[in-house]
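A.B. asks: So the sequence shown is numbered by this note's numbering: it starts at 6 and just counts up by one.
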Amino acid sequence: MKKYEVMYIVKPLEEEAVEAVVAKFENLIKNNGGTIDKVDRWGKRRLAFELKDFNEGIYFVVYFTAPAGAVAELDRVMKITDEILRHMVVKQED
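(1) Within the 8 Å Cβ cut-off, does Y68 reach chain B?
(2) Report the three-state DSSP secondary structure of K16 (helix, strand or coil).
(3) Using a Cβ-Cβ cutoff of less than 6 Å, which residues in the same chain neighbour V67 once the five nearest sequence positions on both sides are dropped?
(4) Around the Cβ of I89, are there at least 16 other Cβ atoms within 10 angstroms (buried) or fewer (exposed)?
(5) Where does K57 sit, in a helix, a strand or coil, going by DSSP?
(6) Can you tell me whether A83 is buried or exposed? The criterion is at least 16 other CB atoms within 10 Å of its CB, across all chains shown.
(7) What does the alpha-carbon distance come out to for the pair Q97 and L52?
(8) Restricting to Cα atoms, I'd like to know which of T86, I41, R91 and Y64 is closest to W47.
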């Protein structure tokens, strides 16, 4: 298993909806054999340019350890989740 980090931007929704999105992805990583090392919540920030008719987004960075299959599934689900404006998964150096 390798270490990864995923940064994603959630639409500025109500607090409960945002927490549901965060929990969804944490559970996805855990259910596919990964472990969450750290979650950084950067909070609401203004976007450099408009994304899907939004000027602001809530930023999250999650550091985790997982097998390659879990990362592929995480990427797939993030692409089809409407609440996510953008995401990027990066493998960390050893």
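Note that the Cβ used here is the ideal one computed from N, Cα and C, for glycine as well.
Model, not experiment: these values are computed from the prediction.
C.D. replies: From the atom records:
(1) Here chain B cannot be found, since the structure has a single protein chain.
(2) Within the sequence shown, the letter at position 11 stands for residue 16. Residue state, collapsed to three classes: coil.
(3) On the sequence shown, residue 67 is found 62 positions in, with the first residue counted as 1. If the five residues before and after V67 are omitted, its C-beta is found closer than 6 Å to the C-beta atoms of V11 and V44, all from its own chain and listed in chain order.
(4) As a working note, residue 89 is residue 84 in the sequence shown. Here I89 is buried: its Cβ has 16 or more other Cβ atoms, across all protein chains shown, within 10 Å.
(5) As a position in the sequence shown, residue 57 is number 52, starting the count at 1. DSSP places K57 in coil when its eight states are reduced to three.
(6) In the sequence shown, residue 83 corresponds to position 78, counting from 1. In the sequence under discussion, the amino acid at residue 83 is Met, which differs from the Ala named in the question. Around the beta-carbon of M83, 16 or more other beta-carbon atoms lie within 10 Å, marking it buried.
(7) Here residue 97 refers to the residue found at position 92 of the sequence shown. Here residue 52 refers to the residue found at position 47 of the sequence shown. Approximately 25 Å between the Cα atoms of the pair.
(8) Numbered from 1 along the sequence shown, position 42 holds the residue referred to as residue 47. Cα-wise, what sits closest to W47 is Y64.
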